[in-house]
Structures are given as C-alpha cells and as structure tokens.
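Asks: Quick one: the structure is below, and I'll ask about it shortly.
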Amino acid sequence: MSRTPVAIAGAAATLLLLAGCSAPATQDDAQTLKYLFVQPENPETLDLVKADIAHFEELNPGVKVDMDVVPFDTLQSVLVPQLRSDSGPDVFIYDPGPGFAGALADAGLLYDLTDAFADNDWQTYQFAIDQVTFDGKIVGVPNEIEELGVFYNKDLFAEHGLEVPTSIDELEDASKSLLDDDIVPFAFGALDQWNGSHSFSMSLSSELGGDAVAAIVDGTQPIDTPETVATVERTFQEFLPFYPEFPTALSYDDALSMFYAGEAAMLPTGTWMVQDLSANADFEVGFFPYPATERQAIFSAGLGSGTFVSANTKKPELAVKFLDYLQSEERGLWQIENLQTIPAYPVDASGADISPLFQGILADAAGVASGDGEFGLNIDVRMPASFNDVLYPGIQAVLTGTQSSADFVKDLQAAIDAEAGK
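With mature numbering (1 follows the signal peptide of the UniProt record, and there is no 0) applied, the sequence shown covers -25 to -1, 1 to 397.
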C-alpha cells in the first residue's frame, strides 16, 4: 500500500491462530456499513475520503458508512481479530498480493467477489484483478495502480545542463556531474526497509525486462542469476556514492525533505507521491523509468491497495453496492482529480484538472494496464511474506557491506525454493 506496506505480522501462519469476539450486529444498523481505513499520512487526504463517503451516502439514502480510521501499526494487530469476530468491519483497505491479502484469503477471512465482478460488469484491468485473485476466487477490488520510477528536479537538471538518462551509463554520468557540483544525486533513505525494495524492483525490472521478472515471480525462472547479482551490486554498492551518507540510517521522510529542499536531484519511489509532490515541491518535477545497461527502460507497476469484504459480513449486498460505487466512472474521475492516484479501471481523464506530470503518468499507466506496453513489477507486493522477510533486511545488509550481493541473491532463491517446497 503505497508508502508503508501493510504487512502481516508473523506471516501467514499467525492468521490461523488469532481470534476475537464481540456482540453481533443488531437490526438497527442493517443499513450501516463498517469500513476500516488506514490513517493517511496527509490529513487532507482523510478529509477528501470522508467527503467521498458522504457523496456515496447521498446517492444511497438511508445508507450510512461508519468509517474506523486506524494507524498502520494498529491495523496489523487489530485486523485479523476483527475479521474473525461478528462485529468487525464489513469492508476494509488492505494490500494485495500473496503475502498480504493472499494470506487472509488462505485463512478464509475474505468474501468471494467473483460473482459480484460478473454481475456488475466491473471493467477492472485484468492485470489488477490477477493481484487480488487467489485459488481462482476474486477477493478484492483494486483501488489504484502505482508505478515505480524516478522523480527528478527539472530545474536542477536544466541548471546543470543534464538530460533525462536513458541508460545506466547516462545515469552514472549525470550522478557524477551532480556530485561534482555538491548536489546529492539520489534522495534515497533505506531506514524504512520497504523503500529499498522499490529500488530493487525498478532496477531489476528494467535490467531483465517485464517477462523475465514475471517469470521470477511465478517461479518459472530463477532469481539467482549473474544478471540479478550484477544489478543488486550496482544499485546498492556501486551507486552508494550517489546516495546520502549512511542511507540505512536515513528515513523515507528525511529523503523526501532533501528532495524538496533541492539538496538532492532525484527521488526513486512511486506515483503515490504525486499529490505530495504537487503540494510541496516549489520546482517542476519530471518522472522517468529507472534505466538499464542495454534494454529500454520500463516502469514497474503494481497495485497500491485494495478494498476487501470480510467473509463474516452480514451485509454482502450493501458491501457490493459500496464497491460498485468505487468502480464508477464518476468516482474514478474524482479519484484522479482529488487523490491524484490512478484508478484500476479505464476512466476518460481528457478533461481532468491535473498537472502535466500526472497527465503523463496517467497516459503511461493506461498503456501498461491495458496490456499495450511492457512493464516490470513491484516485486515485494507480488511475493509471499517469506520472500520479503529475506528481501527487506538483505538490502540493508548489502548497503552496509555486511552481506555480499551474491549471498543476498542466493538467500532470495532459497526463500523462493522453500516456499515452493523444494
């Protein structure tokens, strides 16, 4: 889920052990939908979401949405007990992928939405549906598509006579030029372990190509190859001089501050930052895919979050009505203009009041989502928790030099093999 992935504490097995209990719903709240929502980092975003819910209520007289907003850390401890209870949320926000929603599905905690998709003819992009489908059942509605790439300060690039790099050599040359002028090339902080996984995903996707990364994710191609080792070594060792000093001690927010202050020229992250960039950057911002050595660079794509229905809901029809609203053309346009995120279904945004930066991102994302263009993957979202348990700390270990790139990649392969029962 964008900036802070909603990870399942203790992995999938823990889900089977947690439980909770409370009183059942009464007849009085038959038209009230309980909605568990993650606290946004930007307070204005929460105000927008509340206004969106109020609009849904206006369109459906008598229906109320009771939104419970919890911090990310709290969600990890309360979600499963609430889903197992009779008074938990009817609908909730969560991360897609096998290590997240997939674990909930395995525990029998998610409502099957396969028929709802067919009955309501939701036009969700197939690649997004695939990420909320487990054991042949669609168990969630994708909320937004996200792309991983590199935001850059156009003013700084122009001031230093730099063009957008289209190869690793060009990226290295640009970084050296910036460094010579006392500008940190990359605002990269890896204190938050998940952030390193984004650089891993975007660099590996461009280097290997979308099909190869997809094959790694589905287990038909090994990750332990010389190409992967070389990419990891370059990204997290050879490029260390281009990052702030001690990146493993620098938080994501601190890295953002460096970018906004003009102390760093590039920001490797995802499109969930568009709204924040529009509000905080006093310079023009561009966006490009992380370059490769020889191949054409590609963006990595994934889902930021999904909306899911509890298997214990007593109001499946009302829940589906809410999901249907989330999939509407009107709501999609509102999402683009207000949240500045990319709906996971086609929306005509030709008349949308949005920045040129976001217009370009929308055009790229539409091509990716419709299958017209090549794209990489946000790998950690697509992999099981056991893989991420190796990925996150391993990147930090490579950055600090306490583990070699080759040993790190071997550990990733071992995690994949163990998950497959090899």
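Backbone N, C-alpha and C fix where the C-beta goes; we use that ideal spot for every residue, glycine too.
Check each candidate in Gln378, Glu202, Pro15, Leu153 and name the one with the smallest Cα separation from Lys129.
Replies: Start at 1 with the first residue of the sequence shown, and residue 129 comes out as number 154. Among Gln378, Glu202, Pro15, Leu153, the Cα nearest to that of Lys129 belongs to Leu153.
Asks: One question on the structure: do Phe274 and Glu122 come within less than 9 Å of each other, judged by their Cβ atoms?
Replies: One-based indexing of the sequence shown puts residue 274 at position 299. One-based indexing of the sequence shown puts residue 122 at position 147. Yes. Within cutoff.
Asks: Less than 9 Å between the C-beta atoms of Tyr69 and Ser380, yes or no?
Replies: Working through the sequence shown from its first residue, we reach residue 69 at position 94. Working through the sequence shown from its first residue, we reach residue 380 at position 405. Going by C-beta atoms, Tyr69 is not nearer than 9 Å to Ser380.
Asks: Counting beta carbon pairs with one atom in the region 377 to 394 and one in the region 197 to 207, are three or more of them shorter than 8 Å?
Replies: Yes, the region 197 to 207 touches the region 377 to 394.
Asks: For Thr282, does the three-state DSSP call read helix, strand or coil?
Replies: If you number the sequence shown from 1, residue 282 lands on position 307. It is a strand residue.
Asks: Gly124: buried (16+ other C-beta within 10 angstroms of its C-beta) or exposed?
Replies: Looking up residue 124 in the sequence shown gives position 149. The residue in question, Gly124, is buried, as its Cβ has 16 or more Cβ neighbours within 10 Å.
Asks: Can you list, in chain order, the residues of its chain with a C-beta nearer than 8 Å to that of Pro291? Leave out the 5 residues immediately preceding and following it.
Replies: The sequence position of residue 291 within the sequence shown is 316, counting from 1. Hits under 8 Å: Tyr86, Val284.
Asks: Going by beta-carbon coordinates alone, are Leu308 and Asp323 separated by less than 9 Å?
Replies: By one-based count along the sequence shown, residue 308 stands at place 333. By one-based count along the sequence shown, residue 323 stands at place 348. Yes, they are a contact pair.
Asks: Determine which residues share a DSSP beta bridge with Ile273 and list them.
Replies: Along the sequence shown, one-based indexing puts residue 273 at 298. Per DSSP, none; premise fails for Ile273.
Asks: Using a Cβ-Cβ cutoff of less than 6 Å, which residues in the same chain neighbour Phe333 once the five nearest sequence positions on both sides are dropped?
Replies: Position 358 of the sequence shown, counted from the first residue, corresponds to residue 333. Only Val249, Gln315 meet the Cβ criterion.
Asks: I need the straight-line Cα distance from Thr108 to Val114, nearest angstrom please.
Replies: Locating residue 108 in the sequence shown gives position 133, counting from the first residue. Locating residue 114 in the sequence shown gives position 139, counting from the first residue. Approximately 6 Å, taken between the alpha carbons.
Asks: At what residues does the alpha helix (DSSP H) containing Lys25 begin and finish?
Replies: Position 50 of the sequence shown, counting from 1, holds the residue named residue 25. Note, Lys25: alpha helix (DSSP H), 18 to 34.
Asks: Kindly indicate which three-state DSSP category Tyr69 falls into: helix, strand or coil?
Replies: Mapped onto the sequence shown, residue 69 falls at position 94. Tyr69 falls in the strand class under three-state DSSP.
Asks: May I ask you to verify whether the region 364 to 377 touches the region 386 to 396, counting CB pairs closer than 8 Å and requiring at least 3?
Replies: Contact holds: three or more Cβ-Cβ distances are below 8 Å.
Asks: Assuming Phe351 and Ser180 make a contact with CB atoms under 8 Å, what is their CB distance in whole Å?
Replies: Reading the sequence shown from its first residue, position 376 is the one you call residue 351. Reading the sequence shown from its first residue, position 205 is the one you call residue 180. The amino acid at residue 351 is misidentified as Phe; the sequence shows Gly. Yes, they are in contact, since the Cβ atoms of Gly351 and Ser180 sit about 2 Å apart, within 8 Å.
Asks: Going residue by residue through the region 180 to 249, where are the continuous beta strand (DSSP E) segments of at least 3 residues, counting only ones entirely within it?
Replies: Listed in chain order, they are 239 to 245.
Asks: Look up Asp43 in the DSSP assignment and give the residues it is bridged to.
Replies: One-based indexing of the sequence shown puts residue 43 at position 68. In DSSP, Asp43 forms a bridge with Leu11.
Asks: Starting from the C-beta of Ala286, find all residues in its chain whose C-beta is less than 7 Å away, skip the five residues before and the five after it, and write them out in chain order.
Replies: Taking the first residue of the sequence shown as 1, we reach residue 286 at position 311. Closer than 7 Å at Cβ, skipping near neighbours: Gly83, Leu84, Leu85, Tyr86.
Asks: Report the three-state DSSP secondary structure of Phe258 (helix, strand or coil).
Replies: Translated into the one-based positions of the sequence shown, residue 258 becomes position 283. Here Phe258 sits in coil by DSSP.
Asks: For the alpha helix (DSSP H) containing Glu134, list its first residue and its last residue.
Replies: In the sequence shown, counting from the first residue as 1, residue 134 sits at position 159. Where Glu134 is concerned, the enclosing alpha helix (DSSP H) stretches over 129 to 134.
Asks: For Gln310 and Gln212, what's the separation of their Cα atoms in angstroms?
Replies: In the sequence shown, the residue the question calls residue 310 occupies position 335. In the sequence shown, the residue the question calls residue 212 occupies position 237. Whole-angstrom Cα-Cα distance: 39 Å.
Asks: Using DSSP's beta-bridge definition, name the partner residues of Leu123.
Replies: As a working mapping, residue 123 is identified with position 148 in the sequence shown. Beta-bridge pairing links Leu123 to Gly245, Ser275.
Asks: Which residues does DSSP pair with Ile113 in a beta bridge?
Replies: By one-based count along the sequence shown, residue 113 stands at place 138. Looking at the DSSP assignment, Ile113 forms a beta bridge with Thr108.
Asks: Going by DSSP in three states, Ile317 sits in which element: helix, strand or coil?
Replies: For the purposes of this step, residue 317 is identified with residue 342 of the sequence shown, where counting begins at 1. In the structure shown, Ile317 sits in a strand (DSSP, three-state: E or B).
Asks: Assign Glu119 to buried or exposed, taking buried as 16 or more other Cβ atoms, counted over all protein chains shown, within 10 Å of its Cβ.
Replies: Within the sequence shown, numbered from 1, the residue matching residue 119 stands at position 144. Its Cβ being crowded by 16 or more others within 10 Å, Glu119 is buried.
Asks: Quick one: Cα of Met177 to Cα of Thr223, how far?
Replies: Within the sequence shown, the letter at position 202 stands for residue 177. Within the sequence shown, the letter at position 248 stands for residue 223. Answer to the nearest angstrom: the Cα atoms are 19 Å apart.
Asks: Just confirm the distance between the C-beta atoms of Gly194 and Ala395, as a whole number of angstroms; I'd bet it's less than 8 Å.
Replies: By one-based count along the sequence shown, residue 194 stands at place 219. By one-based count along the sequence shown, residue 395 stands at place 420. Right, the Cβ-Cβ distance comes to about 6 Å (below 8 Å), so this counts as a contact.
Asks: Would you call the CB atoms of Tyr235 and Gly164 closer than 9 Å?
Replies: Taking the first residue of the sequence shown as 1, we reach residue 235 at position 260. Taking the first residue of the sequence shown as 1, we reach residue 164 at position 189. It is not a contact, given that the beta carbons lie outside the stated cut-off.
Asks: Compute the distance between the beta-carbons of Phe67 and Leu54, then report whether it is under 9 Å.
Replies: Stepping through the sequence shown from its first residue, residue 67 is reached at position 92. Stepping through the sequence shown from its first residue, residue 54 is reached at position 79. Yes, the Cβ-Cβ distance between Phe67 and Leu54 is below 9 Å.
Asks: Tell me, please, which residues DSSP counts as bridged to Leu352.
Replies: Taking the sequence shown and counting its residues from 1, one reaches residue 352 at position 377. Paired residues: Ala276.
Asks: Just the C-alpha distance for Ile158 and Pro264, rounded to the nearest angstrom, thanks.
Replies: On the sequence shown, position 183 is the one that residue 158 refers to. On the sequence shown, position 289 is the one that residue 264 refers to. Taking the straight line joining both Cα atoms gives about 21 Å.
Asks: Which residue wins for smallest C-alpha separation from Asn35, given the options Thr7, Ala319, Ala91, Gly277?
Replies: Here residue 35 corresponds to residue number 60 of the sequence shown, with the count starting at 1. Considering only alpha carbons, the answer is Thr7.
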